[in-house]
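In this note's numbering, the protein residues as written are 377 to 542.
We put the beta carbon where it would ideally sit given N, CA and C, even for glycine.
Remember, it's a predicted structure, so these values are computed and weren't measured experimentally.
Below you can see the structure in the form of C-alpha cells.
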C-alpha cells in the first residue's frame, strides 16, 4: 500500500470518527482499515504470494488441498441426508483453496455445491475469475447473512481465524 493510499485511508477513518461524534468501535475501525473500498488492506492491493505480505499453504502447491479434500470426501459419505453436500469456505480470499478443492472433487467424480464467503469485493472478483478459468461453479457471497439455506454441508475456514482483527 502506497503512502498516498494510506493517507487517504487515514483521512477516511478520521472523517468517520468526526462524523460519529469523536469515536468509533474497534470493530468499525478494523472494518475500514481492512475493507474500505479501494483503500483497505484487502481492497487496495494483493497481499498474497511472493509479491505480497504473506504466503498461505494453498499457494505452495496442491498437497494441502489434497489433504483437505480427503476429509471433505469422508464428510461427503458420512453426513446423512439426500441434499447435495454444500462446502462453504468462509474467508475464501481469491479462491486459492476452494477452487483446487472443487477441481479435486471433480477429478474424483464427487459432486458438491461450492460456496465461498469473502468480504473483499476485489478478492471476490479474483475468486470468480479463478473459478471461471478452471471451468468450475463456485457461488460467491459477501457475508454469511447473504447465504441461502444449506440443509447439508461442511463449513471450513483456512486462514480466516488467523486474520481476525477483533
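Query                                                                                                                                                                 : Result
Determine contact between the region 444-458 and the region 480-492, defined as no fewer than three beta-carbon pairs at a distance below 8 angstroms.                : yes
Can you name, in chain order, every residue of its own chain whose Cβ lies under 6 angstroms from the Cβ of residue 377, other than the five neighbours on each side? : Residue confidence is low: residue 377 scores 49 on pLDDT, short of 50, so the model does not pin down where it sits. No coordinate-derived value is stated.
Can you tell me whether residue 490 is buried or exposed, with buried defined as 16 or more other CB within 10 angstroms of its CB?                                   : buried
Classify residue 474 as helix, strand or coil using the three-state DSSP reduction.                                                                                   : helix
So, helix, strand or coil for residue 450, using DSSP?                                                                                                                : helix
Here's the rule I'm using: 16 or more other beta-carbon atoms within 10 Å means buried, otherwise exposed. How should residue 506 be labelled?                        : buried
Work out the CA separation of residue 492 and residue 515 for me, nearest whole Å.                                                                                    : 6 angstroms
Which term fits residue 395, buried or exposed, when burial requires 16 or more other beta carbons within 10 angstroms of its beta carbon?                            : exposed
Here's the rule I'm using: 16 or more other beta-carbon atoms within 10 Å means buried, otherwise exposed. How should residue 431 be labelled?                        : exposed
With DSSP run on the structure shown, which of helix, strand or coil describes residue 465?                                                                           : strand
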